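Add 52 to a position in the sequence shown, counting from 1, and you land on the number used in the working numbering. The block underneath contains the structure these notes are about, expressed in structure tokens.
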Amino acid sequence: MDPILAVGSVAFDSIKTPFGEAAHVVGGSATFFSVAASFFTDVRMVGVVGEDFGDDEMRVFAGRRIDLEGLERVPGETFRWKGEYGFDLNSRETIYTRLNAFEGFQPKIPERYRASPLVFLGNIQPTLQADVLDQVRAPRLVAADTMNLWIEHARADLERVLRRVDVLIINDSEARELAGHPNLVRAAQRIQAMGPRILVIKRGEHGVLMTRPDDGGFFAAPAMPLDTVFDPTGAGDTFAGGFVGSLAASGELTDAAFRRATIYGSALASFSVEDFGLNRLLTLSRGEIDARMAEFKRLTHFDVR
Ligand code: AMP
């Protein structure tokens, strides 16, 4: 089972949805990713927290296959983010982003992480994502996420990183913005020309589209229809954790493995949205994941006569 090196934010999130609010809860792209991927394989986490990230907060990582040697602690406060969702949960406004511990952060990849076969670059400044790639030795697969903030304000840096990325996992509005084209098929082609051979476009409650050049087309996964959706925060990173985690566990980078990874990602994300922040992932079991994979199979299976 291949280990994954994951870099990204570890955060205190404040979240407001039509169903309630959660203030100052543990979140961050590396956190959601690592907790999700640790159901499948060992995760080596790289990130930074401040002095306010205490033993209580560290408990979200305890008892999981998450190696914390790469999690630095610096003076000052942890990264903070606040988001507010609209009525249908598809639109989200960032109320604030406070970099705090991320200001002046230089990722230092521990020596024993450097030969990690799989690397996940979570959503952080593209220059920091590049710093990580400069320190690793010939990974088999580099997957990355990004967001509108960096597409708009750090585009040149982002384009430099994308040339070194195999799999880009982004949402549909970001794909359109990055490609400068409203049609998702055309947008995918333009993004593939920027570097990432494999593109995963997340479409919220409408599911996911995955495209690979060897496959010649798209693979589509629906989102699980759920009667309780409380909080989409972290669903994207959780998807990425299930996706890369399942690839690591299978040890294969075949067409079948990428298709299965897309469904594992969707299954993990479908749990994440059922409660605020990380709550649902923290009580999740492997048996529940397997049961939801079977539900996905039923949801999408049909016969052609
Ligand atoms: P998602 O809902 O998948 O987009 O991820 C939400 C997570 O991303 C939250 O837990 C935030 O802490 C984190 N996040 C939001 N903005 C940023 C940013 N600019 N840099 C790093 N992490 C961020």
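Note that beta-carbon positions come from the ideal geometry of N, C-alpha and C, so glycine has one too. These numbers were taken from a predicted model, which means no experiment stands behind them.
Query	Result
From residue 199 to residue 222, what distance separates their C-alpha atoms?	7 angstroms
Looking at the structure shown, is residue 186 part of a helix, part of a strand, or coil, going by DSSP?	helix
Since residue 134 is in the beta strand (DSSP E), which residue starts that stretch and which ends it?	131-137
Here's the rule: buried if 16 or more other CB atoms are within 10 angstroms of the residue's CB, otherwise exposed. What is residue 337?	exposed
Pull up the CB-CB distance for residue 282 and residue 316, whole angstroms please, since I reckon it's below 8 angstroms.	About 22 angstroms; that fails the 8 angstroms criterion.
Hey, which unbroken runs of the alpha helix (DSSP H) at 4 residues or more fall wholly within the region 260-323?	287-302
Compute the beta-carbon to beta-carbon distance between residue 203 and residue 229, rounded to the nearest angstrom, for a pair I have assumed lies under 8 angstroms.	5 angstroms
Just the C-alpha distance for residue 149 and residue 132, rounded to the nearest angstrom, thanks.	6 angstroms
Please classify residue 205: does DSSP put it in a helix, a strand, or coil?	helix
How is residue 79 classed by DSSP in three states: helix, strand or coil?	strand
Applying the 10 Å Cβ sphere with the 16-neighbour rule, what's the burial state of residue 348?	buried
Sort out for me which residues DSSP pairs residue 68 with in a bridge.	73, 136
Closest to residue 86 by CA distance: which of 246, 114, 102, 351 is it?	114
Can you tell me the Cα-Cα spacing of residue 120 and residue 248, whole angstroms?	28 angstroms
Pick helix, strand or coil for residue 198, following the three-state DSSP scheme.	coil
What residue from 319, 325, 355 has the CA that sits closest to residue 340's CA?	319
Return yes when at least one heavy atom of ligand 1 lies under 7 angstroms from the C-beta of residue 175, else no.	yes
Kindly examine ligand 1 and report whether one of its heavy atoms sits closer than 7 angstroms to the Cβ of residue 336.	no
Mind reading off the beta-carbon distance from residue 93 to residue 301? Whole number of angstroms is fine, and I expect it under 8 angstroms.	5 angstroms
Would the beta-carbon of residue 65 be found less than 7 angstroms away from any heavy atom of ligand 1?	yes
Mapping the DSSP letters down to three states, classify residue 246 as helix, strand or coil.	coil
Less than 7 angstroms between the CB of residue 285 and some heavy atom of ligand 1, yes or no?	yes
I believe residue 227 touches residue 208 by the beta-carbon criterion, under 8 angstroms. Please report the beta-carbon distance rounded to the nearest angstrom.	So it is not a contact: roughly 19 angstroms between Cβ atoms.
Go through the region 87-125 residue by residue and report every complete run of the alpha helix (DSSP H) that reaches 4 residues or more, in order.	107-110
Report yes if the CB atom of residue 129 is closer than 8 angstroms to the CB atom of residue 104, and no otherwise.	yes
Which same chain residues end up closer than 8 angstroms to residue 73 when comparing Cβ atoms and leaving out the 5 residues on each side of it in sequence?	66, 67
Quick check: what's the CA-CA separation for residue 78 versus residue 62?	7 angstroms
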